[in-house]
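Whatever position you read off the first sequence (first residue = 1), add 77 for the numbering used here. Below is one structure, written out as structure tokens; comments come after it.
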Amino acid sequence: MSLVLYDTLHREKVPFVPRDEGRATIYVCGPTVQADPHVGHGRGTVLFDVLRRYLRFRGYTVTFVTNVTDIDDKIILKARREDVAPAVIATRYTRLWNRTMEALGVEAPDVQPLATGHLLEMHALIARLIEQDKAYEVDGDVFFRVRSFEGYGKLSRRQIDDMQQGDDVVDADRKEDPLDFALWKTAKPGEPAWPSPWGEGRPGWHIECSAMSVKHLGHGFDIHGGGLDLAFPHHENEIAQHEAAHGDTFARTWVHHGMVRFGEEKMSKSIGNVVSLEDAVKVWGQGALRLWYLSAQHRTPLTFETIRLKDAAAVHQRFTTFLRSARRAARDADADTTVAEPFLAAFTAAMDDDLNIPVAIATLHDLVSSGNERLAAAEAGKADARAEVAGLADALVTIGDDVLGLALVPELDAAARLEAQLAPLVGLMLEQRQAARADRDFWVADQIRDRLANAGIVVEDRPEGPRWYLAPVTVDDEPET
RNA sequence: GGCGGGGUAGCCAAGUGGUAAGGCAGGGGACUGCAAAUCCCCCAUCACGGGUUCGAUUCCCGUCCCCGCCUCCA
């Protein structure tokens with residue numbers, strides 16, 4: 078068995094066979110840095126982060142490239158409103174994006190190319206298209222001649238003649254055909270501009286991804302990813318530009334993910350129903366938020382809703398609870414790796430099937446159930462059980478943290494530091510509580526337990542005595558839209 | 001209008017031509033002074049109507065409803 082991915086271009090699951098043996102090359106369209114990232118932005122980022130981590134888990138060396146569009150109309154507009162240079166806006170929101178994604182546990186890309194850093198590559202691509210008559214210049218603007226590329230529409234399965242034209246085609250008077258799109262835009266007064274063979278101006282949106290992906294990954298790289306909303310026209314145009322210019326395959330496999338919804342609509346800045354991603358991470362935490370993102374197959378829509386985040390938080394807690402117990406019972410045991418094998422195999426099988434992450438997570442539940450069954454024996458000190466619990470815990474960390482990025486260990490470690498600090502205090506209170514319990518003064522004992530609970534300190538009475546730990550405080554403040 | 005994706009238990013969500021994973025919530029039980037955590041048990045006939053088939057939730061046709069793209073968008 079090996080990984081298969083649903084490829085939007087061929088509309089079927091295709092085996093993942095990398096161009097270069099043992100190496101995987103991935104390009105994902107990144108953001109236009111002009112506003113706060115919202116919850117919708119996190120979905121693709123987390124999905125492709127998991128894909129990247131999974132490919133590494135499967136033994137591939139992965140080169141992961143995701144760009145930043147640092148010049149476009151919205152950036153210029155925002156800069157004008159604030160009376161600052163566009164680069165100020167772009168830099169500010171690039172930093173915010175990166176900081177937010179780091180908080181979400183997304184690994185930084187190997188290359189994060191900027192559009193403004195690749196003008197020469199874009200110029201070369203545009204010049205090549207003009208030479209071949211696939212693009213034309215009109216007063217400093219350069220347009221791609223859509224009808225010159227016979228494969229146009231193959232990604233989004235559209236017939237050129239079926240495409241409905243809006244009433245407000247930009248530059249309709251200059252284009253040969255309303256479908257043609259800009260490769261280079263001549264500078265309007267006051268706009269940022271760069272020199273080019275066609276005069277001062279700036280690149281069209283689509284050209285950057287064609288130029289940058291190939292620059293850093295080469296022709297025919299393995300996986301091109303992005304949101305389903307980018308399939309047309311953005312990705313369609315990327316293909317057209319590259320393949321018209323070079324005549325070879327641009328990207329081998331296209332992976333698209335569904336949109337995040339808020340209520341019955343797509344979450345989108347233009348609709349105005351966005352929830353700040355930075356806030357969402359703060360409120361729900363990296364692990365729970367990622368579990369929510371991963372709760373549905375990546376091509377289906379996913380609704381942002383409190384109840385679902387709470388479900389995800391409950392799942393996360395089940396995993397951390399087991400891990401905490403496992404560490405306590407079997408931290409120094411020699412792990413028995415064989416017990417975990419069936420779960421790792423099931424996990425791998427699910428992931429191999431077009432990243433069926435909901436099923437993959439179900440295998441984690443099975444693993445945790447199995448671990449919990451053995452926990453009592455492990456706590457009683459039985460060597461076999463301790464080894465098995467240790468083996469299952471290790472597998473949980475491998476799958477949960479290394480591949481899915483759930484931050485189980487970091488969260489427990491962070492809690493452990495606080496617990497060490499609080500230990501003398503909590504110890505004192507528990508001594509008093511034990512004394513009360515010995516006197517059968519349960520009112521006092523329960524008072525102490527309740528007070529501790531209010532501080533996020535959970536007390537469990539075990540046969541061998543009380544045990545306590547810090548639990549995440551229940552969430553009740555939600556991010557605002 | 002064109003293209004595409006969906007409608008599975010109270011909620012979320014997999015899946016398959018042979019009577020439906022997993023989670024949350026709920027109910028019952030074990031454990032506990034009571035809890036917590038954990039374990040065990042219970043909880044759906046797959047939008048609707050036809051058809052194909054020995055047999056359909058899964059294939060085909062039709063109907064209804066929802067969503068996305070066709071303009072900037074993760």
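Glycine included, each C-beta is placed from N, C-alpha and C at the ideal position.
{"Query": "Residue from Leu400, Lys211 and Glu227 whose Cα sits closest to the Cα of Ala492", "Result": "Leu400"}
{"Query": "Buried versus exposed, by CB contacts within 10 Å (16 or more), Asp218", "Result": "buried"}
{"Query": "Stretch-stretch touch, CB-based, cutoff 8 Å, three pairs: the segment 144-156 with the segment 380-396", "Result": "no"}
{"Query": "For Leu379, the first and last residue of its enclosing beta strand (DSSP E)", "Result": "Leu379 to Phe381"}
{"Query": "Whole-number beta carbon distance between Phe396 and Val55, since they are thought to touch under 8 Å", "Result": "As displayed, the chain neither begins before 78 nor continues past 558, which places residue 55 out of reach and without an answer."}
{"Query": "Proximity of His195 and Glu342 at Cβ, strictly below 8 Å", "Result": "no"}
{"Query": "Beta-bridge pairing of Ile384 - partner residues as DSSP gives them", "Result": "DSSP lists no partner for Ile384."}
{"Query": "Nearest to Val352 (by Cα), restricted to the options Gly119, Pro272, Thr109 and Lys90", "Result": "Gly119"}
{"Query": "Among Ser79, Thr122, Thr109 and Val139, nearest to Arg100 - alpha-carbon criterion", "Result": "Val139"}
{"Query": "CB contact flag (Pro186, Val142, <8 Å)", "Result": "yes"}
{"Query": "Neighbourhood of Gly634 by C-beta distance below 8 Å, restricted to the same chain and skipping five residues each side", "Result": "The chain is shown only over 78 to 558; residue 634 falls outside these bounds and no answer can be derived."}
{"Query": "Rounded straight-line distance, which links the Cα of Trp545 to that of Gln509", "Result": "14 Å"}
{"Query": "The segment 222-236 touching the segment 168-178, judged by at least three CB pairs closer than 8 Å", "Result": "no"}
{"Query": "Nearest-angstrom Cβ-Cβ length linking Arg279 and Lys262, presumed shorter than 8 Å", "Result": "6 Å"}
{"Query": "Asp431 classed as buried or exposed, judged by whether at least 16 other C-beta atoms fall within 10 angstroms", "Result": "buried"}
{"Query": "Stretch-stretch touch, CB-based, cutoff 8 Å, three pairs: the segment 119-139 with the segment 364-371", "Result": "yes"}
{"Query": "Identity of the residue in Pro543, Pro487, Ser225 and Trp520 nearest Gly182 by Cα", "Result": "Pro487"}
{"Query": "Pair within 8 Å by beta-carbon distance, Ala204 and Leu260", "Result": "no"}
{"Query": "Endpoints, beta strand (DSSP E) assigned at Thr177", "Result": "It is not in any beta strand (DSSP E) - Thr177 instead sits in the alpha helix (DSSP H) that spans Pro163 to Ala180."}
{"Query": "Span separating the alpha-carbon of Glu253 from that of Ile237", "Result": "14 Å"}
{"Query": "At least three beta-carbon pairs within less than 8 Å, the segment 299-319 to the segment 105-121", "Result": "yes"}
{"Query": "Bridge partners - Lys90, DSSP secondary structure assignment", "Result": "Tyr83"}
{"Query": "CB of Thr168 within 8 Å of CB of Val358, strictly", "Result": "no"}
{"Query": "Pairwise C-alpha distance: Phe134 and Glu277", "Result": "47 Å"}
{"Query": "Touching by the beta-carbon criterion (3+ pairs, under 8 Å), the segment 454-473 and the segment 102-109", "Result": "no"}
{"Query": "Cβ-Cβ separation, Phe519 to Ala472 (assumed contact under 8 Å), whole Å", "Result": "With 8 Å as the limit, Ala472 and Phe519 do not qualify as a contact, their Cβ atoms being about 41 Å apart."}
{"Query": "Among Val474, Ala308, Val291 and Ala500, nearest to Arg88 - alpha-carbon criterion", "Result": "Ala308"}
{"Query": "Given 8 Å, three or more beta-carbon pairs between the segment 157-168 and the segment 331-348", "Result": "no"}
{"Query": "Ile148, DSSP secondary structure in three states", "Result": "coil"}
{"Query": "Distance CB(Ala365)-CB(Phe226) smaller than 8 Å", "Result": "no"}
{"Query": "Ala464 to Asp97 span [Cα, whole Å]", "Result": "40 Å"}
{"Query": "Helix, strand or coil at Lys343 [DSSP, three-state]", "Result": "strand"}
{"Query": "Assigned secondary structure, Asp238 (DSSP; H/G/I helix, E/B strand, else coil)", "Result": "helix"}
{"Query": "Through-space distance from Leu256 to Ala422, alpha-carbon basis", "Result": "49 Å"}
{"Query": "Buried or exposed (CB count within 10 angstroms, at least 16 for buried), Ala560", "Result": "As shown, the chain starts at 78 and ends at 558. That puts residue 560 outside it, with no answer to give."}
{"Query": "Option nearest Phe298 by Cα separation, candidates Ala328, Asp306, Ala288 and Met289", "Result": "Ala328"}
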